[in-house]
Structures are given as C-alpha cells and as structure tokens.
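*Asks:*
Residue numbers (full-length UniProt numbering): 1 to 317.
#1: Under the rule that 16 or more other beta-carbon atoms within 10 Å means buried, what is residue 147, buried or exposed?
#2: Might you give, ordered along the chain, the residues of its own chain that have their beta carbon closer than 7 Å to the beta carbon of residue 159, omitting 5 neighbours on each side?
#3: Distance check for residue 26 and residue 116, CA to CA, integer angstroms please.
#4: Within the same chain, show all residues whose beta-carbon is closer than 6 Å to that of residue 171, passing over the 5 residues directly before and after it, in chain order.
#5: Quick check on residue 274: buried or exposed, where buried means 16 or more other Cβ atoms within 10 Å of its Cβ?
#6: According to DSSP, is residue 209 helix, strand or coil?
#7: Assess contact between the stretch 110-125 and the stretch 252-263, defined as three or more Cβ pairs (one per stretch) separated by less than 8 Å. Is contact present?
#8: DSSP three-state call for residue 267: helix, strand or coil?
#9: With a threshold of 16 other CB atoms inside 10 Å of the CB of residue 108, please say whether the residue is buried or exposed.
#10: Could you round the C-beta distance between residue 64 and residue 209 to whole angstroms and report it? I think they count as a contact, below 8 Å.
#11: List, from N- to C-terminal side, the beta strand (DSSP E) runs of 3 residues or more that fit wholly inside the stretch 232-307.
#12: With a cut-off of 8 Å on the beta carbons, I'd call residue 60 and residue 92 a contact; round off their distance for me.
#13: By a C-beta neighbour count over all protein chains shown, 10 Å radius and 16 as the cutoff for buried, is residue 22 buried or exposed?
#14: Given a threshold of 16 other Cβ atoms within 10 Å of its Cβ, counted over all protein chains shown, does residue 80 qualify as buried or as exposed?
#15: Can you tell which of 232, 269 and 114 has the C-alpha that lies nearest to the C-alpha of residue 86?
#16: Distance check for residue 236 and residue 176, CA to CA, integer angstroms please.
#17: Over what stretch of residues does the alpha helix (DSSP H) that includes residue 100 continue unbroken?
#18: May I ask you to list the residues that DSSP assigns as paired with residue 87?
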C-alpha cells in the first residue's frame with residue numbers, strides 16, 4: 001500500500017483509520033486499497049491500536065420507526081468512517097437499558113451512542129468514567145459525556161401545543177413512551193409547564209411505540225371522549241390513526257393528531273401527519289462526528305442543540 005500510494009507506512013495506516021491526514025490523502029489511500037483488493041485485518045488492527053473499531057448504539061426502543069431510521073443512518077455513517085455499529089434495543093425499559101449499557105462497555109466497544117430511556121440514571125456518570133459516551137435527544141444528568149446532540153424540547157413542545165391551541169383545542173391528550181419510573185424526561189416536564197402557560201387541560205398517558213399497543217391506548221382514550229392528541233413519537237400517532245379508523249372518526253374533522261419526529265411515513269398518511277421535525281440527517285452527522293472523534297481520543301466535549309421545525313400537513317382540525 002505504501003509503495004502504491006507513494007506514502008509512508010504510517011500515513012497509510014492513519015488514512016485507513018481516517019485520522020491525522022487530509023481528506024484527499026484518505027480518499028487516495030482508500031482508492032488504492034480498493035484497486036489492490038486490500039482489506040485490513042481487524043484483529044491485527046485492534047491489537048496494534050487498542051481499539052476494536054466497534055461503536056455501541058443503544059436505542060431506546062426499536063419499535064419506534066424513527067429510531068429505526070436513526071439506527072440505519074448511524075450504522076451506515078459509521079461504516080463510511082471505517083467503523084461498525086453494534087446496535088442494541090432497550091425496548092423502552094430502563095432496567096434493560098442499564099444492563100445493555102454495561103454489556104457494551106464490557107465488550108470493549110470504542111465508544112457508545114445512546115438515545116436514553118432514563119437520562120437521569122446514576123449509571124451514566126459511572127459509565128462515562130470508563131467509556132466515551134455520546135447522547136442523543138436528552139443530556140445524561142450528572143455525567144461527563146464525550147458529546148451530546150440534544151433536542152430543544154422546550155421549543156418543540158411549545159410549537160406543538162401552541163399549534164393545537166391556535167386551532168381551537170383546549171383539552172389535549174398527550175401520549176408519551178415515558179414510563180412512570182422515569183418521570184423527569186425534559187419533554188414530559190416541558191409539556192406540563194407549557195400546558196399551564198397556555199391554559200390547556202392536559203392528560204398525559206403512557207403509550208408504547210409499537211403500533212398494536214399504541215392503538216390499544218388510543219382506542220381507550222377515544223372511548224373516554226378525547227378528540228385531540230399530541231404524541232411524543234410519530235409511531236404512537238399512527239396508533240391514533242388506526243383507532244380513529246376503527247370508530248369511523250375522521251381526521252381532522254372529528255379527531256386531531258400531532259406527532260413529534262417527522263418519520264418519512266408521516267407524509268404518506270391521509271391526511272398527512274402534522275409533526276415536529278428534528279432533522280434526522282443532521283442528528284446522524286453530528287452524532288457520528290462526535291463519537292468518531294471521541295473514539296480516537298479527542299477529549300474536547302461538544303454539545304449540539306437540534307432546533308425543531310413544525311411540519312403542518314393537515315391532521316389538526
């Protein structure tokens with residue numbers, strides 16, 4: 001490889017790992033490697049560098065279609081950076097999340113990306129002492145993370161609830177994947193504060209992100225007379241669509257629905273789902289950039305705040 005590119009062995013090694021050389025050099029070396037059919041020995045690389053090339057990705061719940069899209073995007077972006085994602089699913093369970101986070105650390109991943117179910121868990125402070133951690137969505141309370149890509153949930157909640165109020169709704173059911181055991185998630189805290197400010201009558205109910213379970217919850221809420229729903233995941237909002245269809249209730253004429261993450265499927269519904277867009281592509285780029293830098297030993301800590309945008313499509317009457 002060094003002979004083929006005219007570079008020193010050290011420069012070739014750095015380029016193959018995507019570090020300490022220019023983008024032009026990296027591309028030059030990778031092009032030569034492809035032409036020569038060169039493939040690095042992962043075991044030899046791990047022994048030489050002390051790194052495995054594996055990045056842990058701990059998802060809150062892969063029943064959520066938006067989180068599935070996030071995992072796909074991060075996995076592909078890591079591969080483009082010559083790393084591999086080890087993707088695990090916490091299934092919305094904070095106990096399972098803690099167990100899996102420790103397992104990823106013990107399997108010696110180079111770094112961890114997490115979209116936390118329980119951002120206030122004491123575990124994170126302990127974990128960050130021995131492993132670079134990048135959080136997506138919420139900050140990890142008391143933990144010195146390697147980086148954060150956090151959502152401006154206050155702005156997102158305000159956009160959603162003001163839209164509901166401006167369309168004439170005063171009683172709103174808020175469906176959230178948050179369990180009673182993790183009540184301090186920022187989005188849930190903000191929704192109660194904003195409801196008070198806006199004079200809204202809010203009922204917050206836990207709803208799983210799987211379609212069948214979300215539909216069951218929505219079915220009960222409709223039977224109780226609720227007709228306006230703000231869902232903290234588009235996947236949950238799909239359950240409201242399904243339950244409304246069962247009762248022959250029209251959206252938005254008889255039932256209003258809002259989502260919170262703008263999954264691509266949301267624009268294909270009839271009517272399209274009004275939701276809050278967090279720019280998933282931007283999140284992927286930022287999280288991968290932070291975690292790759294942290295895995296390479298860059299100790300500079302960065303916090304990136306994702307601003308929301310309202311995607312109005314007609315599901316709020």
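Even for Gly, the Cβ is constructed at its ideal location relative to N, Cα and C.
*Replies:* Let me lay it out:
#1: buried
#2: 276, 308 and 310
#3: 34 Å
#4: 201
#5: buried
#6: coil
#7: no
#8: helix
#9: exposed
#10: 4 Å
#11: 256-258, 275-277 and 302-306
#12: 6 Å
#13: exposed
#14: exposed
#15: 114
#16: 8 Å
#17: 94-106
#18: 57
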